[in-house]
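Numbering (the working numbering), first residue to last: 33 to 130.
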């Protein structure tokens with residue numbers, strides 16, 4: 033292996049280690065988020081509140097799109113990601129109401 037290839041392999045390893053750490057952060061952050069949304073769902077079920085809140089969801093999507101632009105992340109991707117999370121949360125809330 034050439035010296036340049038060895039250097040590139042070292043840089044690649046560092047990037048992959050960072051990616052692995054960030055993936056762990058994402059998983060633990062999502063787990064923490066879902067703990068709170070489960071508590072919200074339980075509260076809604078106990079008080080016969082609707083499982084979804086479209087106005088809050090719209091505000092959250094707008095907020096995430098703004099944050100994604102600030103972070104130089106594709107807002108369309110951020111919107112798809114949040115929509116997926118919201119749909120999972122609503123599904124959990126609906127299950128709690130049954």
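Glycine included, C-beta positions come from ideal geometry on N, C-alpha and C.
Counting only residues of its own chain and dropping the five nearest sequence neighbours on each side, residue 129 has a CB closer than 7 Å to the CB of 77, 83.
Just measuring C-alpha positions, the residue of 126, 43, 118 sitting nearest residue 86 is 118.
Counting only unbroken stretches of 3 or more residues, no beta strand (DSSP E) element lies wholly within the stretch 48-76. Taking residue 115 as the centre and dropping the five residues before and after it, the same chain places the C-beta of 93 closer than 8 Å to its C-beta, in chain order.
Comparing alpha-carbon positions, the option among 125, 33, 34 lying closest to residue 80 turns out to be 125.
In this structure, residue 111 places its C-beta atom within 8 Å of the C-beta atom of residue 97.
Taken through DSSP and simplified to helix, strand or coil, residue 119 comes out as helix.
Secondary structure at residue 103: coil, using DSSP grouped into helix, strand and coil. Note on geometry: alpha-carbon atoms of residue 101 and residue 91 lie some 15 Å from one another.
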